[in-house]
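Colleague: First, the structure itself, so that you have it in front of you.
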Amino acid sequence: MSATWRAYRRNILWNAALIHRLSGIGLAVFLPLHFLVLGLAIEGAGKLDGLLTLAQMPGVKLAEAGLIFLLVVHFLGGLRLLAIENLRWFGGQKWIAISLAVVSGSIAFFFLIHVL
Amino acid sequence: MNVRLYLWQRGTAAIMVPMILVHLAVIFYAMDRPLTAEQILSRTQGSFAWGLFYGMFVLLASIHASIGIRNVLSEWGKLKSGTAAGVSTVFGAALIVLGLRAVAAVVLPAGMLP
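Residue numbers (our numbering), protein chains in the order written: chain A, 672 to 787; chain B, 998 to 1111.
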């Protein structure tokens, strides 16, 4: 493989598109589990409480922070896409993409240190 | 992705923008208040507004996710268009059923649950 074959992988906006897709897949995998857990309330508060107790474990809190990151980074990346497609073109897309990823990571980190 | 799916994908995304902000606000509100299941359900059961909000959110997210999964299956999974469409439709339908069941579990008054 030539060096140029993979050159696009160093492009920030290509990586932004990759993160958008991977975060979307992550959320799509998580959604059925999220719905199944909430659906436990049908069997009464006791069942749901059992899982809420599990949510106090540090590993689960770390996973929750990861999910917050996936949701926010997919949301903000999607907003950038909607803006590109529907508004007048504006420059600085690479910096905007980096900033959105940093904001997403910061929000997830804020969540993590708050719940730990 | 054809034009019809593209419009559904972007349309559902645009409508979900304020809904995701509300959902994030709910998450961060709950973060500071470790509630028991009983306390959570006492706040949500019987609420028509939350039921309508999250019912709509489930429908939009399920449509949006199933179109995204269809794209991934055909572009990365190299599935034929018909197969990708079939798998993603089943996935989307399952999300709608599980999601609406979850909304009903959290929002319907206890006496109305099966």
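Glycine is no exception: its CB is placed at the ideal position from the N, C-alpha and C atoms. In this text the structure is predicted, and so the values were computed from the model without any measurement.
Which residue wins for smallest C-alpha separation from Ala1107 of chain B, given the options B:Val1014, B:Ala1022, B:Thr1041 and B:Ile1064?
Modeller: Walking along the second sequence from the start, residue 1107 of chain B turns up at place 110. For Ala1107 of chain B, the nearest C-alpha among the options comes from B:Thr1041.
Colleague: With a CB to CB cut of under 6 Å and the five nearest residues on each side skipped, what residues in its chain are close to Thr1080 of chain B?
Modeller: On the second sequence, residue 1080 of chain B is found 83 positions in, with the first residue counted as 1. Same-chain partners within the cutoff: there are none.
Colleague: Run through chain A and tell me which residues come within less than 8 Å of Met1028 of chain B, C-beta to C-beta.
Modeller: Start at 1 with the first residue of the second sequence, and residue 1028 of chain B comes out as number 31. Within chain A, the residues near Met1028 of chain B are Phe782, His785 and Val786.
Colleague: Using only alpha-carbon positions, find the residue among A:Leu741, A:Asn757, A:Ala678 and A:Gly776 that is nearest to Ile696 of chain A.
Modeller: Position 25 of the first sequence, counted from the start, is the residue given in the question as residue 696 of chain A. Closest by alpha carbon: A:Leu741.
Colleague: For a contact defined as C-beta to C-beta under 7 Å, what are the partners of Ile1066 of chain B on chain A?
Modeller: To locate residue 1066 of chain B, count along the second sequence from 1; it is residue 69. The contacting residues are Ala699.
Colleague: Rounding to the nearest angstrom, what Cα-Cα distance links Ser770 of chain A and Glu714 of chain A in this structure?
Modeller: The residue labelled residue 770 of chain A in the question sits at position 99 within the first sequence. The residue labelled residue 714 of chain A in the question sits at position 43 within the first sequence. Straight-line Cα distance between these residues: approximately 43 Å.
Colleague: Does the beta carbon of Val773 of chain A sit closer than 9 Å to a beta carbon anywhere in chain B?
Modeller: Translated into positions along the first sequence, residue 773 of chain A becomes position 102. Answer no: the Cβ-Cβ gap between Val773 of chain A and chain B never drops below 9 Å.
Colleague: Going along chain B in order, which residues have a C-beta closer than 9 Å to the C-beta of Ala687 of chain A?
Modeller: Position 16 of the first sequence, counting from 1, holds the residue named residue 687 of chain A. Those within 9 Å of Ala687 of chain A in chain B number zero; the least Cβ separation is about 16 Å.
Colleague: Would you call the stretch 1069-1076 of chain B in contact with the stretch 682-689 of chain A, where contact means no fewer than 3 C-beta pairs closer than 8 Å?
Modeller: Touching, no, given that fewer than three Cβ pairs across the two stretches are closer than 8 Å.
Colleague: Which residues, in order along the stretch 1096-1108 of chain B, keep a beta-carbon less than 7 Å from a beta-carbon of chain A?
Modeller: Here the close residues are Gly1096, Arg1098, Ala1099, Ala1102 and Val1103.
Colleague: Please go through the stretch 1071-1103 of chain B and give each complete alpha helix (DSSP H) segment of 4 or more residues, from N-terminal end onward.
Modeller: Listed in chain order, there is nothing to give.
Colleague: Ala1010 of chain B: which of A:Leu693, A:Gly749 and A:Val731 sits nearest, CA to CA?
Modeller: Translated into positions along the second sequence, residue 1010 of chain B becomes position 13. For the residues A:Leu693, A:Gly749 and A:Val731, the minimum Cα distance to Ala1010 of chain B belongs to A:Gly749.
Colleague: Consult DSSP for Asn1068 of chain B and reduce its assignment to one of helix, strand or coil.
Modeller: Taking the first residue of the second sequence as 1, we reach residue 1068 of chain B at position 71. It is helical.
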